[in-house]
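K.L.:
Mind having a look at this structure? Questions to follow.
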Amino acid sequence: MAAIPGGADHSHDHSHDHHPSGLMRWVTTTNHKDIGSMYLWFSFAMFIVGGIMALVIRAELFQPGLQVVDPDRFNQMTTLHGLIMVFGAIMPAFVGFANWMLPLMIGASDMAFARMNNWSFWLLPPAAILLTGSLLVPGGAAASGWTLYPPLTVQMGIGMDMAIFAVHILGISSIMGSINIVTTILNMRAPGMTLMKMPLFCWTWLITAYLVIAVMPVLAGAVTMILTDRHFGTSFFNAAGGGDPVLYQHIFWFFGHPEVYIIAIPAFGVVSQVIPAFSRKPLFGYASMVYATSSIAILSFIVWAHHMYTVGMPVAGQLYFMFATMLIAVPTGVKVFNWVATMWRGSLTFETPMLFSIGFLFLFTLGGFSGLVLSMTAVDVQLHDSYYVVAHFHYVMVAGALFSAYAGAYYWLPKWTGHMYDEKLGKLHFWLSLIFFNMTFFVQHFLGLAGMPRRIPDYSLQFAEFNKISSIGAFGFGLSQLVFLVVVLKCLKGGEKASAKPWDGAEGLEWTVPSPAPHHTFEVPPVVK
Amino acid sequence: MRLNLQEPITELGHKVYDLHLLMTIVCGVIFVAVFGVMFWSVFVHRKSAGHKAATFHESTTVEILWTIVPVFILLGMAWPATKTILAMRDTSNPDITIKATGYQWKWGYDYLKGAGEGISFTSNLSTPQPQIRNEAAKGTDYLLEVDNELVVPVGKKVRILTTANDVIHAWWVPALAVKQDAIPGFIRDTWFRAEKTGTFRGQCAELCGKDHGYMPIVVKVVTEEEYAAWTEKKKAEQAAAADDPNKMYTVEELAPRGEKIFAANCAACHQANGQGLPPAFPALDGSKVVLGPQDGQIDVLLHGRQGTAMASFKHMSDTDIAAVITYTRNSWSNKTGEVVQPSDIKMARE
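For the record, the sequence lines run as chains A and B. Heads up, my numbering is the position in the first sequence plus 70, with the first residue counted as 1. Heads up, my numbering is the position in the second sequence plus 891, with the first residue counted as 1.
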């Protein structure tokens, strides 16, 4: 549906003139805001599903011995929890943000490929059904960990094939989403909005989208090789047939390490919007932020084997990957310093988005430091595949990506719904999340240091106390997330009317359109000075 | 409630321990400094305290400074890290070489070179099932105890070769500062030189299927005299246990031996009652393969089943394989009365 030249009246909602209503509106929609909302709801639903799996894991680990699930189910839970959280919850959440906010931020009327946008979203539910449905098939779901290392993956039943197919579908969806984002940002910016004038969130997504396009096909290739090893007599990863199981790990982590940044970089973008708004001061070092983000993205391609220090690679390889990995600390440090400098001598207020951003900054940096400890090959050999690693990546993924997604959600909820959210509940959500998150994951550092391997359903008695604390924390954290659902539902139903720009320190084109943002915006592009 | 790495008992372990401590302290100091600044800002530069926002948004000097300074800190860290890793990977000139083979789900040890050469045994979890199922009180070494420990002498350089029979495992003993993946079809190596005697416990560190959490590693470091005595005893045991390959057995002779082998190798999947955990792990009670021709069952044991968790057991002796097959063909409701002889296995191998 083309924008009508001259139709400058933003508040006029003419969606229902030519759109089906009811369910078909959502099935056939090509509107970036509808699709953005669907992405966000989908990711929240997957977050709950993956979260329930995490709680099954933590319930089993509450005390030594087997109580809740048998070891095989336990492994299925860890595998699906990982796959669902990475591909079903966090990635679609940030694509949802991109869909909603990128056109509004760059003054475009919609995403570049509106129909492909619809298709990118509607590929997700079948993949989700394949993943969760695999729990019900004979042999159960894939039980090899989300990394799907062969030869273990060759032993699995049909659940493994369903997981492989789901990964293929999710990969296609993210690649199409990313092509859409790149094209939108490069071609559809409002007149006067040069690349270096874009809000940082747009920059981070531009860089992320390139990462996705580069590495998702690599993952698809790796899992396809597993598929042919399983069913078509190849032996890519079977030594008896001339293959090598370690080859898979190289291919997987060539995807897997950039994937970490595919998740983290949009989170950096959100935080870079929120912190200046509530500091009432422009982002410190905008240009260096862009360069630092690009450097992180490029470096992410050349550090993959730091996930594989114990496979027995030559010592020269171990040294190279150690140095390259340590190097990432430099641009990451620049970003952290820039955020702190943005707050420095600002005029700070602490609404929920700001609280989550500060929580992000504090805990993500902690996760960064445990990453630096892990980058040391000799130390990593001790900590590899232990709970220290589990703690490390949950600091990066949960306190990093998830907290940042919450910061973004609270920040833009007034724009999406037209109502202010309940600030008291929002703050409650933050403080509960912060306390229970640390209760769950901080103690896992000690478990890993003391020698508890990851992915075990049962453990020796020396690990009992910290596991108990961690499990209680996990249930607290899980329940606290329902507060967010209440906040969103309340906000959708009503509440204080939000003005076009509800945050006095916020900057950007998205705040020039009314709240809620009408169905069609920027049919005539704004001019950026 | 241990808060740090396990107390190391090797020189290399001490280096790793100190390196980790150093890194944690350096990171901790930087963390406190950066967030000291941030929290100062949070408490002082707040709107509610009447603070007005400044407008600065860049400073080339500061930005260059906080790019360069971390580089130097990292260089300072890289130096001890590099030295440690070079020492860690030097597996040359060992006194004793032992091959550790990962199986689903136990470890096999073969003393290949040095004192004790020729000794070979498997090491299974010895924690009783009722403890795992919460039907009995858990012992102090719950899940970290085995039937046969890996015994090594103190003060000697022990090189461990790792490999695996089925999927990837990893041989990890925290107190020795050793972790090495065991990869099917390939040999990797690592080493340690224990500085004191004692028993040190670790676990498989790479997810290897259902019972990944149930294949511990126990290393018993003993004095040189004790080690010599142990190797003598072990060799004598092995000689006594060697079977006459041409002996013809009866069901009564083989089945009890088969039952023990079944409990250690098969019951994890096929279950002690032979009912399995279908569909992943099929029942043997009433199974077509077990009740069918002997050759079919021998083939499955020798070569495994491609695409399933059923691994090859060809590393076991002819008599052991014959015993376990005889046991399954004469247990539960299976009453074939047949005996599979070690010579049958030998023939099938050829």
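No residue lacks a Cβ here, since even glycine has one placed at the ideal position from N, Cα and C.
1) Please name the residue, chosen from B:Gln1022, B:Ile976, B:Met1106, that lies closest to A:Ser445 on a Cα-to-Cα basis.
2) For B:Phe1012, which option in B:Ala1061, B:Asp1032, B:Lys990, B:Ala1006 has the closest C-alpha, if you only look at C-alpha atoms?
3) Just to confirm, is the Cβ distance from A:Leu418 to B:Ser932 under 8 Å?
4) Looking only at its own chain, which residues have a Cβ that is under 6 Å from the Cβ of B:Pro971, when we skip the five neighbours before and after it?
5) Would you mind telling me which residues of chain A sit closer than 7 Å to B:Thr1199, beta carbon to beta carbon, in chain order?
6) Identify every run of the alpha helix (DSSP H) within the region 464-521 of chain A, keeping only runs that are complete inside it and at least 4 residues long; order them along the chain.
7) Would you report the Cα separation of B:Thr1090 and A:Ala168, rounded to the nearest angstrom?
8) For A:Pro401, which residues in the same chain have their Cβ closer than 6 Å to its Cβ, ignoring the five residues on either side in sequence?
9) Start and end of the beta strand (DSSP E) containing B:Trp1063?
10) From what residue to what residue does the beta strand (DSSP E) around B:Tyr1000 run?
11) If you drop the 5 nearest sequence neighbours on each side, which residues of the same chain put their C-beta closer than 6 Å to that of A:Phe511?
12) Using 8 Å for Cβ pairs, my map puts B:Leu1041 next to B:Ser1014. What's the rounded Cβ distance?
13) Put B:Thr1141 into one of helix, strand or coil per three-state DSSP.
14) With DSSP as the reference, label A:Arg350 as helix, strand or coil.
15) Return the residues of the region 382-408 of chain A that lie within a Cβ-Cβ distance of less than 7 Å from chain B, sorted by chain order.
16) For B:Val935, which residues of its own chain have a beta-carbon under 8 Å away from its beta-carbon, when the five flanking residues on both sides are left out?
17) Check whether chain A comes within 8 Å of B:Lys1048, counting only Cβ atoms and requiring the distance to be less than that.
18) Output the distance between the C-alpha atoms of A:Leu579 and A:Lys571, rounded to the nearest integer angstrom.
19) For B:Asn1039, which residues of its own chain have a beta-carbon under 6 Å away from its beta-carbon, when the five flanking residues on both sides are left out?
20) Using only the alpha-carbon positions, how far apart do A:Asp455 and A:Thr487 sit?
21) Going by alpha carbons, who is nearest to A:Pro221 out of A:Ala310, A:Asp142, A:Val406, A:Phe536?
22) Please report the distance separating the alpha-carbon of B:Ser939 from that of A:Phe420.
23) Would you say A:Asn188 and A:Ile277 are within 8 Å of each other, going by their C-beta atoms?
24) Residue range of the alpha helix (DSSP H) that A:Leu444 falls in?
25) Decide if the region 313-329 of chain A is in contact with the region 374-390 of chain A; the criterion is three or more beta carbon pairs, one per stretch, under 8 Å apart.
26) With DSSP run on the structure shown, which of helix, strand or coil describes A:Ile372?
27) Please give me, in chain order, every unbroken run of the alpha helix (DSSP H) with length at least 4 that falls completely inside the region 196-241 of chain A.
28) Please report the distance separating the alpha-carbon of A:Trp192 from that of A:Leu504.
29) Between which residues of its own chain and B:Val920 is the CB-CB distance below 8 Å, once the five residues before and five after are set aside?
30) What in chain A is Cβ-close to B:Glu1040, meaning under 7 Å?
31) For A:Ala182, collect the residues of the same chain with a Cβ closer than 7 Å to its Cβ; drop the 5 residues on either side in sequence, then sort them by chain order.
32) Identify the residues that DSSP records as bridge partners of A:Ser456: which are they?
33) Can you pull the chain B neighbours of A:Ser541, defined as C-beta to C-beta under 8 Å?
34) Go ahead and label B:Gly927 buried or exposed: buried means 16 or more other beta carbons lie within 10 angstroms of its beta carbon, across all protein chains shown.
35) Look at A:Ser190 and A:Ala233 and say whether their C-beta atoms are less than 8 Å apart.
36) Should A:Trp501 be labelled buried (16 or more other beta-carbon atoms within 10 Å of its own) or exposed?
P.N.:
The short version:
1) Along the first sequence, one-based indexing puts residue 445 of chain A at 375. Out of B:Gln1022, B:Ile976, B:Met1106, B:Ile976 has the C-alpha closest to the C-alpha of A:Ser445.
2) Against the second sequence, residue 1012 of chain B aligns to sequence position 121. Ranking B:Ala1061, B:Asp1032, B:Lys990, B:Ala1006 by Cα distance to B:Phe1012 puts B:Lys990 first.
3) Here residue 418 of chain A corresponds to residue number 348 of the first sequence, with the count starting at 1. Here residue 932 of chain B corresponds to residue number 41 of the second sequence, with the count starting at 1. Going by C-beta atoms, A:Leu418 is nearer than 8 Å to B:Ser932.
4) Here residue 971 of chain B is taken as the residue at index 80 of the second sequence, counted from 1. The answer, listed in chain order, is Leu910.
5) On the second sequence, position 308 is the one that residue 1199 of chain B refers to. Within 7 Å Cβ-Cβ: Gln225.
6) 473-487, 493-520
7) Here residue 1090 of chain B corresponds to residue number 199 of the second sequence, with the count starting at 1. Here residue 168 of chain A corresponds to residue number 98 of the first sequence, with the count starting at 1. Taking the straight line joining both Cα atoms gives about 56 Å.
8) As a working mapping, residue 401 of chain A is identified with position 331 in the first sequence. Result list for A:Pro401: Ala362, Ser365, Ile366, in chain order.
9) The sequence position of residue 1063 of chain B within the second sequence is 172, counting from 1. Segment 1060-1064, the beta strand (DSSP E) holding B:Trp1063.
10) To locate residue 1000 of chain B, count along the second sequence from 1; it is residue 109. Per DSSP, B:Tyr1000 belongs to the beta strand (DSSP E) from 997-1004.
11) Taking the first residue of the first sequence as 1, we reach residue 511 of chain A at position 441. Here the set comprises Ala461, His464.
12) As a position in the second sequence, residue 1041 of chain B is number 150, starting the count at 1. As a position in the second sequence, residue 1014 of chain B is number 123, starting the count at 1. So it is a contact: roughly 7 Å between Cβ atoms.
13) Indexing the second sequence from 1 puts residue 1141 of chain B at position 250. Residue state, collapsed to three classes: coil.
14) Here residue 350 of chain A refers to the residue found at position 280 of the first sequence. A:Arg350: coil per DSSP, three-state reduction.
15) The region 382-408 of chain A vs chain B, Cβ under 7 Å: Gly382, Val385, Gln388, Leu389, Met392, Phe393, Met396, Ala399, Val400, Gly403, Val404, Val406, Phe407.
16) As a first step, residue 935 of chain B must be located in the second sequence, where it is residue number 44. The residues are His942.
17) Taking the first residue of the second sequence as position 1, residue 1048 of chain B is located at position 157. No, B:Lys1048 lies away from the interface with chain A (no Cβ there is under 8 Å from its Cβ).
18) Residue 579 of chain A sits at position 509 when you count from the first residue of the first sequence. Residue 571 of chain A sits at position 501 when you count from the first residue of the first sequence. Rounded to the nearest angstrom, the two C-alpha atoms are 10 Å apart.
19) As a position in the second sequence, residue 1039 of chain B is number 148, starting the count at 1. Cβ neighbours of B:Asn1039 beyond the five flanking positions: Phe1012, Ser1014.
20) For the purposes of this step, residue 455 of chain A is taken as the residue at position 385 of the first sequence. For the purposes of this step, residue 487 of chain A is taken as the residue at position 417 of the first sequence. Taking the straight line joining both Cα atoms gives about 43 Å.
21) On the first sequence, residue 221 of chain A is found 151 positions in, with the first residue counted as 1. With distances taken between Cα atoms, A:Pro221 lies closest to A:Ala310.
22) Counted from its first residue, the second sequence places residue 939 of chain B at position 48. Counted from its first residue, the first sequence places residue 420 of chain A at position 350. Looking at the two C-alpha atoms, the distance is approximately 10 Å.
23) Residue 188 of chain A sits at position 118 when you count from the first residue of the first sequence. Residue 277 of chain A sits at position 207 when you count from the first residue of the first sequence. No, the Cβ-Cβ distance between A:Asn188 and A:Ile277 is not below 8 Å.
24) The count along the first sequence starts at 1 and reaches residue 444 of chain A at position 374. Run containing A:Leu444: 422-445, per the alpha helix (DSSP H) assignment.
25) yes
26) One-based indexing of the first sequence puts residue 372 of chain A at position 302. Of the three classes helix, strand and coil, the one that applies to A:Ile372 here is coil, per DSSP.
27) 222-225
28) Looking up residue 192 of chain A in the first sequence gives position 122. Looking up residue 504 of chain A in the first sequence gives position 434. Each residue's Cα considered, the two are about 33 Å apart.
29) Residue 920 of chain B sits at position 29 when you count from the first residue of the second sequence. Excluding positions up to five away in sequence, the list is empty.
30) Looking up residue 1040 of chain B in the second sequence gives position 149. Those within 7 Å of B:Glu1040 in chain A number zero; the least Cβ separation is about 16 Å.
31) Here residue 182 of chain A is taken as the residue at index 112 of the first sequence, counted from 1. Contacts found: Asn250, Thr253, Thr254, Asn257, Met258.
32) Taking the first residue of the first sequence as position 1, residue 456 of chain A is located at position 386. For A:Ser456, which the question treats as bridged, DSSP gives the partners A:Pro523.
33) In the first sequence, the residue the question calls residue 541 of chain A occupies position 471. Near A:Ser541 there are no residues of chain B at all, since even the closest Cβ is about 16 Å away, more than 8 Å.
34) Start at 1 with the first residue of the second sequence, and residue 927 of chain B comes out as number 36. B:Gly927 should be labelled exposed.
35) For this step, residue 190 of chain A is matched to residue 120 along the first sequence. For this step, residue 233 of chain A is matched to residue 163 along the first sequence. For A:Ser190 and A:Ala233, no; Cβs fall outside 8 Å.
36) Taking the first residue of the first sequence as position 1, residue 501 of chain A is located at position 431. Result: exposed.
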